[in-house]
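Working notes, beginning with the structure itself.
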Amino acid sequence: MCGIIGISSDKDISKELYYGLYSLQHRGQESCGIAVLNEDNNINYHRGMGLVSDVLKEKELSNLKGHTGIGHVRYSTSGGSHLSNCQPLAGVCRRKKLSIAHNGNLVNHDYLRQTLEEEGFMFQTSIDSEVILYILSRYYKGSIIDSVKIAMDYIKGAYSLVILSEEGLVAVRDPHGFRPLVLGKKGDKYIVSSESCSIEILGGEVIRDIEPGEIVLINNGEVKSYNYRDNYKEKQKTCIFEHVYFARNDAIIDKVNAYEFRVKSGQILAQEDDIEADIVIPVPDSGIPGALGYNKESKIPLKEGLVKNRYVGRTFIKPTQSEREIGVKLKLNPLTSVVKGKSIVLIDDSIVRGTTSKILIDSLKKAGAKEVHLRITSPPVKYSCYFGIDTPKRSQLIASKNSVEDIRKEIGADSLKFLSTDALMKAADFKNIFCMACFNGNYPIKPMVEED
Ligand code: AMP
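Okay, structure coming up:
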């Protein structure tokens with residue numbers, strides 16, 4: 015769960031990198047950074063803990079003049095939340111400068127790191143992305159494309175990468191295409207970004223998704239595309255959770271429109287439902303498109319019944335359960351005048367630990383709701399993700415050991431329904447391109463160690 019961007023131009027692009035990164039803020043709020051290649055072929059960078067607007071101020075940007083650059087926003091799924099783990103990472107290898115930004119998770123990074131450490135490499139971070147930087151430099155013999163191909167033989171798992179090199183800007187998507195990566199253009203500039211919103215916000219046009227297993231080199235206004243291996247055709251496995259929750263509503267990933275997908279999921283939930291209720295209430299923001307779909311199909315009036323405090327960040331990643339609980343209370347509060355005496359269909363996109371739904375149902379009941387029927391626009395999350403989505407250890411996933419009825423009792427809902435995996439496929443127009451391991455346990459790459 016991170017966001018990456020790269021821009022190649024012949025003019026200064028630091029401001030555009032900043033705005034592009036700003037548009038990816040939802041993909042990570044812990045830290046961020048920008049690296050640029052300047053006219054003297056030097057890489058300058060600035061990284062820090064916090065939001066894009068806090069870390070990259072005018073002063074920092076004025077020191078980051080360059081015609082090609084990359085940026086990163088981080089939400090840690092590998093390695094702790096420290097300054098040393100911020101990206102982009104940068105280094106010099108055989109007098110060539112290199113910088114990378116990574117979205118995804120490698121499943122074999124412990125093994126690779128140990129091997130590199132035995133060879134004498136000294137690591138400065140605890141993140142898997144550093145392994146990629148070192149493998150790139152270890153096998154660099156004058157061509158960045160060749161060393162990327164060799165690195166791809168070693169690294170296993172999820173990686174969308176932007177690499178800043180003296181040969182130009184390189185964009186890479188792993189052979190399964192777990193995490194998104196989009197190519198766009200504005201005038202003479204090329205932009206690659208985790209999501210299309212950055213390209214649109216910068217006034218550019220989306221060209222296409224980078225394909226799974228594709229390596230793109232952009233230099234001097236030219237785009238060259240390479241395949242990881244000519245005979246290598248792995249089945250695409252885009253992460254379905256990007257569409258369920260993670261990506262912005264305006265994202266189109268691998269030709270699937272996230273917003274339409276979400277609305278349709280809500281519609282299908284309503285088609286499969288026969289509950290009689292007074293109002294439909296979304297859990298803002300992630301439940302809104304699903305609730306619109308549910309309302310459209312069921313004709314039950316849609317109401318805003320929860321007020322969201324926009325200044326509270328991610329409660330989900332707080333380290334302790336009590337912090338997560340107070341976080342949800344601070345973030346969402348019922349509108350008593352709307353919910354009092356009403357039978358409610360409450361719509362959210364997912365249940366992970368069950369913290370959010372339990373607290374919301376309790377507070378809606380305290381505000382006088384007569385009944386709360388919880389409807390979730392995805393199947394129960396039963397398995398941990400090893401490819402970059404922050405779903406915790408299986409033992410913490412409420413659906414890993416409990417039946418739907420047990421979950422209903424635990425969270426205090428009057429009734430509870432999830433979308434089935436078949437219905438989820440229907441919402442995605444039956445495109446057979448998704449990793450749904452968090453729902454069905456079918457891991458496209460077997461994790462080296464599965465967590466309890
Ligand atoms: P939980 O409270 O643990 O059941 O988490 C479910 C809530 O957190 C839902 O409201 C989701 O919109 C949101 N959510 C689901 N997955 C994630 C994630 N990986 N990171 C942050 N929030 C999430």
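Numbering (the working numbering) for the sequence shown: 15 to 466.
In this text, a Cβ means the ideal position worked out from N, Cα and C, and glycines have one as well.
Residue pairing by DSSP leaves P406 without any beta bridge partner.
Using a 10 angstroms sphere on the CB of P303, the tally of other CB atoms reaches 16 or more, which defines it as buried.
Within the DSSP secondary-structure output, A104 pairs in a beta bridge with S113.
Spatial neighbours of V277 in its own chain (CB-CB distance under 8 Å, excluding positions within 5 residues in sequence) are listed in chain order as P303, G304, L306, G307 and K310.
A direct Cα-Cα distance of roughly 9 Å separates L344 from T329. Rounded to whole angstroms, the Cβ separation of V186 and I229 is 5 Å, and the two are in contact under 8 Å. The shortest CA-to-CA distance from T139 to any of R152, L103 and Y125 is the one to L103.
Secondary structure remark: continuous alpha helix (DSSP H) runs of at least 4 residues inside the segment 187–229, in chain order: 210–215. Collapsing the DSSP output to three states places A272 in a helix. Fully enclosed alpha helix (DSSP H) runs of no fewer than 4 residues occupy 369–380 of the segment 352–381, in order along the chain. Distances from the CA of L433 to each of T391, I295 and D268 were compared; the closest alpha carbon is that of T391. In this structure, the beta-carbon distance from T370 to L349 does not fall below 9 Å. Of the candidates G134, D188 and Y397, the residue whose Cα lies closest to the Cα of G227 is D188. Relative to the ligand AMP, R338 has its C-beta within less than 8 Å of a heavy atom. The Cβ neighbour count for K372, taken over all protein chains shown within 10 Å, is at least 16; the residue is labelled buried. In the structure shown, S76 falls within a helical segment according to DSSP collapsed to helix, strand and coil.
Ranked by Cα distance from G94, the options Y273, G327, D142 and L147 are led by D142. Using a 10 angstroms sphere on the CB of I18, the tally of other CB atoms reaches 16 or more, which defines it as buried.
Residue burial annotation: T334 is exposed, with fewer than 16 other C-beta atoms found within 10 angstroms of its C-beta.
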